Structure formats: structure tokens, C-alpha cells
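Notes follow the structure.
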Amino acid sequence: MNIADADAQDPHNPRQARGPGIPLIALVGLPLVLLLFLVFLGIGWVVQTERTNQSRIYSERTAEILAGDIAGQLGQLISPTSDYVEALRAEIKSASCRTADCVFAIVQKHAAAPDTIPPEAAYVAFGAESGQFFGIFKINAHDDKLLGRAQTDANDPTQLDLISPTNTVTVKPYILHDRGWYQGGSIRQEPIWSAPFKYVAPGNATEMLGAWAMSRIVRVDDPDGKLLGVITADVDLRPIGAFLQQMTGKAFANLSIHTRSGEFIVFRDGQLQVISDDSSAAKIEDGLISKEVPLPMSDLKGWSLTLTLGPELSKPALWGPSTPLLLMVGLLASLAVAAYTASYVANPVKRLSRAVVEVSNLKLDTPVNVETNVTEIAALAGAVERMRAALLRNQNRLEFLAYHDPATGLLNRAGLSNEYSGMIARSGQIELVLIKIPNYTHIGGVFGGTALANIIARNVARIRNEYPDSIVGNVSEHETAFLACTASGLDHLQLDNLLKSLREPYEQAGIRCAVEIVASVSIKQSEQSDFDLLLRRANGALHYAEKTQSEGAIWYNPALLHDLEEELEATGNVALAIMGGEFSVEFQPIAELKTRLIDSVQVFGVWNHPQLGAIRQKEFFSIFEKNGSIRDVGLYIIGEAFKFLRTFKTLHPQAPMVVCINLSQVQLFDPLFVERVTELQREWDVDGADVMFVIVRNASSLEDAQIVRTLDKLQTLRFRLAVDYFGLDNASLAAMTAVKSECLIAGPSLHRNIDRPGRERTLLRAICRLAADLGMYTAAVGVNNAADIEPLIECGCTYGMGPLFGRAVSAEAFLDNFVKKAVELRQHMGHGSRS
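With numbering that gives the first Met the number 0 as the guide, the letters of the sequence shown map in order to residues 0 to 834.
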């Protein structure tokens, strides 16, 4: 018998008296299991919260866009009658009518030519100031013609005869001046819509009795400006009821139209109803998501459409019923095998944590795959995977938004490209027309942001009216494009007339503002001509149109390209040029002025163009901003910079190094920019603190909400920010407050003649002091004179870049000569050879 067995059998053993000992599996496993359970619960809570928030956001955006689309369709049901009444009044005015008989004759002429009356109009009438009344109406609701007549007796205006082909009904007394529609129309100069009402008068179609309708009412004056009478045209609301019935169902819990007078037009209990209160309109009731959108017609100002999503689209994301059970099963299993599984926990948890971070960042394309024998971790991974799949389904449900401009609802660049792909198979000539408003900033400054949207909407309506079969969209906030497929190409005169109409001044609140319009056209010349090529050619021709201030559209012609700028604007696919190895990256050293230590580099792109030779970044940057190619080139430069940084850290792990990369506002407007940068960061394992993004060009746009969100995300990832060239009109003090910049960049103009005392040195010293007070350091660029170093240090500059410290070279050359260059630079500056 061994000692352990003897101790176990000895009743006087004091350890026996204290009771059984704690098993090792419990001592090790219980704290581990408790910790894991709390971690899993926290991860589940974070993912669930993010999933619920995103589900709510996607559903609200769906409701808003669908409501806007439905509102536009409803407007199309009412607009024809409104346009007809306005045309009738114009015809009466053109005829210079002074008597009721003159107007009656015009209405009778319309009755004889029913094609002039829209099918939506069920009743058209004119009431004269003299008390006389004449109207035409449909005998049956589905008639194409208005065969019925309603007119007062020539000698007794209080007697109204309703005449149809089969019978005549007399109404007496009939007092025209007591009619609400006449009273309302006679006191207003502008056309109005009446409140909804029911047909109750004899003479209407049998099936229309009790049906709801609205009247379009407009006053008519004689040539002397005196009241001649009032025109009214009734619109049968039953098509709207059918439309509401069709749209209301599982997807929509409620769909109603709110009139200016306070009524709600809804479809309930199988019929159209007009009620004075709709408790479910314009609010969220019982968790359902609701959106209210104004109707787009100017003559229905004050009318709106309210859409409430059904439970399937409104319900928040909930825990699955199996999730708590899985967590409990995992806890029990961990208790049983904690000691054995302790060594298998760390790596799966790390992989699961990365997966949860990707899901919380809405990177949903990669399935959650965590291989482990630990039941609890596998169960939680399955729960996270189900959450990821649910979020992905919700995201795919809104995928169509990628092809539309959320502000205007028009096709965006991607949507136009998609439509173009479908047009290629058509027979005929496909042409892309690009229309730009050069003075859009002036318009916004005069009227505010909504004015440009109103002008764009007006232009789109006129384009569609002139070219009904065209496909219209926006490629930017001030550029409209449309695709047309014709047998022999667009007619130049017709297009010029359209552009002339688009130049009509915009007026608001009595203030008129000119609208500048330039346009270009590019033609599909071969099967290989994709949409991007057409757009680049149109941009090239548009650039020429702006330079020449052409009032007519400029058709793309290679002969227009006379200089580098136009050549680059109309160049081939930049993405293919990158893949073909035409682009490369160079690195220029940045030195700390006091120590002469090279601890930063500025990254520049170079295009080795097969015809034009090497083109530096400063030459193509602004051009690629205009045609959108800066997105592809910018990501290529960022990837090469991250690759360089990873290689440098491997070769010199103890040496500090920060790469500075220029960013365009076009890149910051890209909603996927941060995600793509994050992918590159993860691919090259780069610390965000070793990367500084320098925002260049128009810094006034840095206060844009989209750009602010992008910059906040970059700083959350620990990337550093700076704004290029302080003191220029495109990098004002506003940029220093809009961006949490840690570096103020002083351009060559700020340290010119700094080697001798003077106003330049005083100004630079004040700027450096301002930067220090804001928690920023100052870097001088374009330094080419060793005598400037000490004055720059004395003024407060921390870093310097320019030919004095070295020119831009390839990554290989920089890495090969890094140590040698640093030593030479310090010796040249007179500070020894210590690197």
C-alpha cells in the first residue's frame, strides 16, 4: 500500500477531517469557464446590438426610398388633369374670351375632340360670373368620351339640365354662386385642388355615385383682368384606391395620402375611404417603421404620402430561441472537460474575436469558420454565423440602393453603367450626353442647397420630355447624364434647343439666378466601348466645351485632345494600366530638423505612360480626381506604401518610420474607402500610427458629413491626419477645425527668404506658434537650402522635406541606401555620423 492510499484510509488524517479536496479540473476549469461564458455573452450582446441597429437603419432607408418612389407614381395619376386645366385656361386666354358663350364653345370643341381631355378627367365644366353653367361628363365611368352635358337654361340660370343620350334630368333651383368650388376658385388667382368629395348629384354614372373624387379648380379672367368665371375638372379617385389596394399588403402595413386640408385618403375594408384622422400615419406605432414624403408636384404643396412597413420589414433583430440553450450547453460541457480543453481555448477565441470584429464592422462576405473541439466556442461561432447570415440577407435586400442616388432617387454612375450594359444588344447608335452646371456653387450660395436639387429635377423632367426613351441619371451633384439609342444619332438642333431650355434662369422668392449649362456627347464606336470609356470621352469633350464656353453640345473627337490634361482625361482604363505595371511608387525622405534623423517618407505615384513617358503624381492627380480614376490609383499607392512599410520594419525593426500618403476628397467621398484601406492594413500587418494621410486640394469640403465620417473612421483605426499646404485658398483655417490634424504643412511660399530676418520669418514663427497652441507640429516642404535649417528650427518647424534631404526614389533604392543616406545627411549638416 502506498502512502496516498494509507492516508486515504486513515480516519484520523486531518486532511480527511476537512472533507474532500477540490479537484484540479474544477480549480482550473471553473474560473476559465466563467470567464469564457462572460466573454461569449458580451460578444453576443455587441453583435446583437449592432445587428439590431443595422436592421433598423436598413429598414428605415427602405421605407424612405419606397415612399419617395410611390409618391412619384401617385403624382403621375393626378398631373394629367392638372396640366389639361392649365392648357384649357391658356386656350381661353388666347381666344380673348369676354363672354360665357365663348368659353362654352371651347369646352364643346373639346367634347367633340376627346383626345384632348385626359382619361383621368370624369367631369369638365365652366361656371360664368353671370350665373350660367356648362359642363361635359362621362355617362359611364369607363367611357373614353365625355358624352353627357350639363347646362343652365339660357333664360333661367337657376335651372340646370343634365342631358345624356338616353334621358334628361332637371335640377332646380341651381345657384352657381353658392357652390363651394366656384367660390373657392373665384377668389384665388392660382389653381387649387378641392378637398376629396363624393359624387351625389343626378346625371353621374350609376357606378360613380358615392365614389370619391377631387376637382382641379382655376379662375379665368377676361382680357381686362375681370373675373369671367371658374373652370373645374373632376378626377375619379378610384384608380388611386386601386393603387393603394395593390401596394398595401404583407410588405406595407399602411399607405395613406394626407391632403393639405387635413383629410387622409386610404384603402380599408375593401374600399377607398377619406377620413379626417389616420392614427397610424407619420409615426411609428407598435414598433412599425413609418416614413412621410411630400408629393413632388408643386400644385399639391402640403400633400404628403405616409408609408408604414409591415412587421416583416420593421421587426428588430432578436435572439434566436436556441442561442441561450447553446450557451448553457457550452457552460456544462466546459465544466466537464475544462482541464483538458484549457490549452485549446486561446487560439479559437482569438479567431472568433476577429470574426466578431468583422461582423460588427459589417464585413459580412466571409463566413465565420472557427475549427475547435470546444463545444461552447463552436456553438457561439455558430450563433455569430447565423447573425452574420441574417445581416447579410438584410444587406442584400437593399442592394439595389447601390445603383441610385439617395438624394434624388435618380440612377447614379453605377446604375447608368448597368443600364448601358443592357442597351448594348439594341440596334442603333448609343450616345452618352453629359450636362454640367458650372456655376452650381454660386447657385448654392444664393439660394441654399435645395435650389440645385430643384434645378436638377427640372432638367431631368425636360430631358425625359424631349427624349422619352432615354435613361437619365446623375454622375455627380452638378452633372446629369442620359443614354439615348437612336437609329441615326441625336439631332443636333433638337439637343441645342434642349440645352437652351435648361439655361432658363432659376427664380426663388423673387430672386433670379442664371443657370450655366455646358454639354458633351460621346458615341459608342465599337463592341469594346464600355460605359467608363464613354464617360471619360464625354469628360474630355466637356472640358473642351468649358474652355471654349460653347453653347452647343460638343461631340467627342480625338482631334480635340491637344495637351496632356485632355489626353489624360480621355485615356484608357486606368485599372488595366495598373494591372499592366504602368504605375510605380517613389518615396522622398522627411527629416527631423534638429537631429537630421530620417523617420518619415512622402509617397508619390508615377505613371509610366507608353506614349507620354513618366507622368508624376502632381500632373495627373487633379485630372484623375475629375474622372474618378483617383480611386483606383489611390488604392494602388496606399497598398504599395503599406508594402514598403512592412518591408522597412522587417529590415529595421528598431527604426521609426512614418509613411505620408496624399488623399483626395474624391477618395474620402467613397463609402467603401475605409473598408478597402482596412483590408490593405490587415494584409500587410501595418500599424495605423505609422501612416499619415495628407488631405489635399479643396479643404472647404472637409466639413461635409460624409468626409467627416470617413476621417473619424480613419482616426479610430489609429491613422494620423494632416491637411496640405497651410495658407493657400484651398487649405484654410476651416480645415484645421474640421479635421483633427496633428501636422501643419508649410508650403514653400511661407518660408521663402527665411534665411535672413524679415517679415517672412515673423509670419512663419507666428504660424508655428499657432500650430503648437493647437497641439500640432509644423513641417516645411520644398526645403532646398542648408542655410534655411537653423531659421526654420528657430521659428518652430519640426520636420523638413525637399531636395536638400533627398529626392524621391524607388522603394528598393530607398531601402538599400537608408543607413548610408542618413549618415551622409548628418555629416553634411555638421552633426557627426551617429544615425
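C-beta: ideal position from N, C-alpha, C; glycine also. Please read all numbers here as calculations on a predicted model, not as lab measurements.
Residue i (DSSP reduced to helix, strand or coil)
i, result
"residue 211", "strand"
"residue 796", "coil"
"residue 721", "strand"
"residue 26", "Annotation note: pLDDT 45 at residue 26 (below 50); position unreliable, coordinate value reported separately. If DSSP states are grouped into helix, strand and coil, residue 26 belongs with the helices."
"residue 526", "coil"
"residue 370", "coil"
"residue 521", "strand"
"residue 95", "coil"
"residue 281", "Any reading at residue 281 must be qualified, since the residue scores a pLDDT of 39, below 50, and its modelled position is unreliable; the value itself is stated next. Residue state, collapsed to three classes: coil."
"residue 636", "helix"
Element boundaries [alpha helix (DSSP H), containing residue i]
i, result
"residue 608", "Here residue 608 belongs to no alpha helix (DSSP H); instead the beta strand (DSSP E) covers 597 to 608."
"residue 511", "No alpha helix (DSSP H) holds residue 511; the beta strand (DSSP E) holding it covers 510 to 512."
"residue 226", "Element bounds for residue 226: not the alpha helix (DSSP H) but the beta strand (DSSP E), 226 to 235."
"residue 134", "It is not in any alpha helix (DSSP H) - residue 134 instead sits in the beta strand (DSSP E) that spans 132 to 136."
"residue 709", "704 to 715"
"residue 108", "99 to 111"
"residue 181", "179 to 185"
"residue 419", "412 to 422"
"residue 499", "491 to 501"
"residue 672", "672 to 683"
Reference residue i, options the options, closest by Cα
i, options, result
"residue 197", "229, 657, 238, 273", "273"
"residue 666", "676, 658, 659", "676"
"residue 158", "131, 189, 139, 668", "131"
"residue 147", "129, 153, 166, 154", "166"
"residue 663", "642, 720, 761, 686", "720"
"residue 87", "492, 107, 777, 629", "107"
"residue 192", "182, 213, 530, 175", "213"
"residue 776", "752, 742, 802", "742"
"residue 708", "738, 683, 684, 689", "738"
"residue 414", "420, 402, 406, 421", "402"
"residue 678", "183, 219, 593, 362", "362"
"residue 476", "462, 487, 442", "442"
Cβ neighbour criterion (16 or more within 10 Å) applied to residue i
i, result
"residue 597", "buried"
"residue 134", "buried"
"residue 525", "exposed"
"residue 262", "buried"
"residue 119", "buried"
"residue 658", "buried"
"residue 356", "exposed"
"residue 126", "buried"
"residue 353", "exposed"
"residue 723", "buried"
"residue 491", "exposed"
"residue 93", "exposed"
"residue 34", "exposed"
"residue 168", "exposed"
"residue 766", "buried"
Rounded C-alpha distance that separates residue i from residue j
i, j, result
"residue 151", "residue 409", "50 Å"
"residue 237", "residue 456", "29 Å"
"residue 172", "residue 156", "9 Å"
"residue 161", "residue 170", "8 Å"
"residue 365", "residue 394", "14 Å"
"residue 104", "residue 142", "22 Å"
"residue 751", "residue 788", "12 Å"
"residue 445", "residue 508", "11 Å"
"residue 800", "residue 756", "22 Å"
"residue 97", "residue 231", "18 Å"
"residue 689", "residue 744", "18 Å"
"residue 511", "residue 439", "14 Å"
"residue 290", "residue 306", "5 Å"
N- and C-terminal bounds of the beta strand (DSSP E) containing residue i
i, result
"residue 475", "470 to 475"
"residue 691", "690 to 694"
"residue 428", "428 to 435"
"residue 148", "147 to 151"
"residue 453", "Segment 448 to 465 is the alpha helix (DSSP H) holding residue 453; no beta strand (DSSP E) there."
"residue 659", "657 to 662"
"residue 126", "120 to 127"
"residue 628", "Residue 628 -> no beta strand (DSSP E), and no H or E assigned at all."
Short CB-CB distance (under 8 Å) between residue i and chain D
i, result
"residue 146", "This model lacks chain D altogether; it includes just one protein chain."
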